[in-house]
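Engineer:
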Amino acid sequence: MTMRGWLTRKRVAAKDRLQPSHARPLRDRLSENISELENIFTLTPDLVIRTFESRLVEGTAAIVYLTGLVDKNSINNNVLRPMLERDQGEVGILDLLSVGKVSIAHDFGTIEKEILAGSCILFVEGRNEAFVLETHGWPQRAIEDPQLEASLKGAHQGFVETGIQNIALIRRYLPNRELKIKDFWVGDRGATRVSVMFLHDVVHPEVLQELEDRIKLIRIDSILNTGELGELIEDNPFSPFPQFMMTERPDSAAAHILQGKIAVVVDRSPSVLIGPATFSAFFQSVDDYSTRWLVATFIRFLRGLAFLIATFLPAVYIALISYNYEVIPLDLILSVGESRERVPFPPLIEAMIMELTLEMLREAGVRLPAPIGQTVGIVGGIVIGQAVVQAGIVSNIMVIVVAFTAISSFIIPNYDMASAVRLLRFLMMVLAAMFGIVGIIVGLMGMIGHLIQLESLGVPYGSPLAPVRFSDWKDFMLRLPLWSMRERPAGARVIQSKRQGDNRPRGDGK
């Protein structure tokens, strides 16, 4: 036998060995059912199998669960105590078990899935079925303030790693019967519950169906976080721009659902996926609707300006110094020449050194503990910046450019979009070093063209700018008064567009 044939046979044998016998039915003998479970859960020391005599049934009963995934108090008070203390009579087992949800399973595949999900299984001698009891009690943390989406006037509640709690947080903002939920299980080895939340009378059926089809087509061992799911279902995986929004805030998720979008809650992940997404949505924040509309509009203009600065400022510096220095005023070019007198590197290398140093400091500050991370960011930036200037490696002007770029990137409210800007900055720097201002213009045109043709769940990514929808410009770069936004954004392809009535105040400003 060849080596290839041996490996193929080994893989097939391993695949067959790992496949669970989902269709194998339960038997009416308790000892055989327990023996089969022990064969399924080998090397599982946290599996608890307790056999006991109950006067409620004729014979022996047993409960099976994983000790770290259940609420033991619920099992003792709501399962064991009724089974041990009550006598057999007219009252059945289902009437005495006071857990929240009880279902019946007939095969070992369902039993295995429910045990791994944190349920308690009750077997009774003489029955070829088992009772699945909802006794979930896995470890979980308390609700805390979101880390990446801090808010000045918004709520201070963030999602946690339990999908049921995240759904409840969203329901608190939308106590409406039209808020529907569809559950999917993704993953062959570690099945993860994915819950799709939407307003049934608002969301477009085609957009919803497209999202459901993409989730159903996923074939993977397990999904551990929301980012993995977003990457598996996005339209263009080679685009630097995020095509789904991820939020840690229940109020933000509820606001997007009210606009006709879809929220995807992934169990075991503290983030919720929002789609379809548009480019302008990544520059909007919850605080925009908690402040006066004039202030919010000014802040949005700042974010747009910060996007341009963070993307193009180092590239413009390189282009002006390398190719188009004739456009620089004479006094300024003399100052720049004096600053670059001792620098031995061309502008591109100089900018690359500073930008890569900045990215390293940024990542070091994020990965280290909070007190140490702040020290590294502040002390490292000051010490390294002063040292490289004194050593003649970079110029003072370059340090100023990098500082402005870093500050601008921090203004962008969405982390995924800020990360995309960090990548685009290096591309623009290379184009500027090769072709000057012409290279920057070509890069800008290419970026605009890419944004125009990009889609999110079949919805244009550049809406409401491309295609142009003037009705949505009330909440685009501007943020007009809330009473003027009577319609939902048309870019989400909603089927019910009316959002509010005539709420304009009739005071002195009428």
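The sequence shown maps to residues 628 to 1137 in my numbering. Note that the Cβ used here is the ideal one computed from N, Cα and C, for glycine as well.
Output the boundary residues of the beta strand (DSSP E) element that contains ASP605.
Structural biologist: The shown model of the chain, from 628 to 1137, leaves out residue 605, and the question about it has no answer.
Engineer: So the alpha helix (DSSP H) ILE667 belongs to, where does it begin and stop?
Structural biologist: Taking the sequence shown and counting its residues from 1, one reaches residue 667 at position 40. That run of the alpha helix (DSSP H) goes 657-667.
Engineer: Report buried or exposed for GLY1063, applying the criterion of at least 16 other Cβ atoms within 10 angstroms of its Cβ.
Structural biologist: Position 436 of the sequence shown, counted from the first residue, corresponds to residue 1063. So GLY1063 counts as buried.
Engineer: So what does DSSP say about GLY1128, is it helix, strand or coil?
Structural biologist: Indexing the sequence shown from 1 puts residue 1128 at position 501. Here GLY1128 sits in coil by DSSP.
Engineer: Could you have a look at GLY1118 and say whether DSSP puts it in helix, strand or coil?
Structural biologist: Taking the first residue of the sequence shown as 1, we reach residue 1118 at position 491. The answer is helix: DSSP assigns GLY1118 an H, G or I state.
Engineer: Quick check: what's the CA-CA separation for VAL1010 versus ILE1034?
Structural biologist: For the purposes of this step, residue 1010 is identified with residue 383 of the sequence shown, where counting begins at 1. For the purposes of this step, residue 1034 is identified with residue 407 of the sequence shown, where counting begins at 1. Going by the C-alpha atoms only, they are around 18 Å apart.
Engineer: Ends of the alpha helix (DSSP H) at GLY817?
Structural biologist: Numbered from its first residue, the sequence shown carries residue 817 at position 190. No alpha helix (DSSP H) holds GLY817; DSSP gives it neither H nor E.
Engineer: Within this structure, are the beta carbons of VAL829 and GLN1123 separated by less than 8 Å?
Structural biologist: The residue labelled residue 829 in the question sits at position 202 within the sequence shown. The residue labelled residue 1123 in the question sits at position 496 within the sequence shown. Yes.
Engineer: Taking DSSP as the reference, what is the three-state secondary structure of ILE847?
Structural biologist: Your numbering for residue 847 matches position 220 in the sequence shown. Reduced to three states, the DSSP call for ILE847 is coil.
Engineer: Counting along the chain, where does the beta strand (DSSP E) carrying ARG677 start and finish?
Structural biologist: The residue given as residue 677 occupies position 50 in the sequence shown. 674-680 is the extent of the beta strand (DSSP E) around ARG677.
Engineer: For LYS888, count neighbouring Cβ atoms within 10 angstroms of its own Cβ and tell me buried if that reaches 16, exposed if not.
Structural biologist: As a working note, residue 888 is residue 261 in the sequence shown. With 16 or more other Cβ atoms within 10 Å, it is buried.
Engineer: By DSSP's criteria, MET824 is part of a beta bridge. Which residues make up the other side?
Structural biologist: As a first step, residue 824 is located in the sequence shown; it is residue number 197 there, counting from the start. According to DSSP, which records beta bridges pairwise, MET824 is partnered with ILE808, ALA890.
Engineer: I need the straight-line Cα distance from ARG1096 to TYR916, nearest angstrom please.
Structural biologist: Along the sequence shown, one-based indexing puts residue 1096 at 469. Along the sequence shown, one-based indexing puts residue 916 at 289. Near 21 Å, if we compare the C-alpha coordinates of TYR916 and ARG1096.
Engineer: Using the rule of at least 16 other Cβ atoms within 10 Å of the residue's Cβ for burial, across every protein chain shown, is GLN886 buried or exposed?
Structural biologist: Locating residue 886 in the sequence shown gives position 259, where the first residue counts as 1. By the neighbour-count rule (16 or more Cβ atoms within 10 Å), GLN886 is buried.
Engineer: Using beta-carbon positions only, say whether ASP894 and GLY790 come within less than 8 Å of one another.
Structural biologist: Along the sequence shown, one-based indexing puts residue 894 at 267. Along the sequence shown, one-based indexing puts residue 790 at 163. Against a cut-off of 8 Å, the Cβ pair of GLY790 and ASP894 comes out as a contact.
Engineer: Going by CA-CA distance only, name the one from ILE850, LEU983, PHE910, HIS1077 that's closest to GLY1012.
Structural biologist: Numbered from 1 along the sequence shown, position 385 holds the residue referred to as residue 1012. Out of ILE850, LEU983, PHE910, HIS1077, LEU983 has the C-alpha closest to the C-alpha of GLY1012.
Engineer: Could you say which of MET1072, PHE939, ILE1075 lies nearest to VAL1048 if we only look at CA atoms?
Structural biologist: Residue 1048 sits at position 421 when you count from the first residue of the sequence shown. VAL1048 has its Cα closest to that of PHE939, out of MET1072, PHE939, ILE1075.
Engineer: Where SER898 and ALA795 are concerned, what is the direct C-alpha to C-alpha distance, given to the nearest angstrom?
Structural biologist: Numbered from 1 along the sequence shown, position 271 holds the residue referred to as residue 898. Numbered from 1 along the sequence shown, position 168 holds the residue referred to as residue 795. Computed Cα separation, rounded: 14 Å.
Engineer: Under 7 Å: does the beta carbon of SER730 sit that close to some heavy atom of the ligand COA?
Structural biologist: In the structure shown, the ligand COA is absent, as is every other ligand, since no ligand is present at all.
Engineer: For a test of the three-state rule: what should DSSP assign to HIS733, helix, strand or coil?
Structural biologist: Residue 733 sits at position 106 when you count from the first residue of the sequence shown. HIS733: coil per DSSP, three-state reduction.
Engineer: Taking SER879 as the reference, which of VAL891, ARG989, VAL1016 has the closest Cα?
Structural biologist: As a position in the sequence shown, residue 879 is number 252, starting the count at 1. SER879 has its Cα closest to that of VAL891, out of VAL891, ARG989, VAL1016.
Engineer: Specify the secondary structure class of ILE690 as computed by DSSP and reduced to three states.
Structural biologist: Indexing the sequence shown from 1 puts residue 690 at position 63. Strand.
Engineer: Residue range of the beta strand (DSSP E) that LEU749 falls in?
Structural biologist: Taking the first residue of the sequence shown as 1, we reach residue 749 at position 122. Here the beta strand (DSSP E) through LEU749 covers 747-751.
Engineer: Are GLU756 and SER746 closer than 8 Å when you measure CB to CB?
Structural biologist: Along the sequence shown, one-based indexing puts residue 756 at 129. Along the sequence shown, one-based indexing puts residue 746 at 119. Not in contact: GLU756 and SER746 (Cβ atoms no closer than 8 Å).
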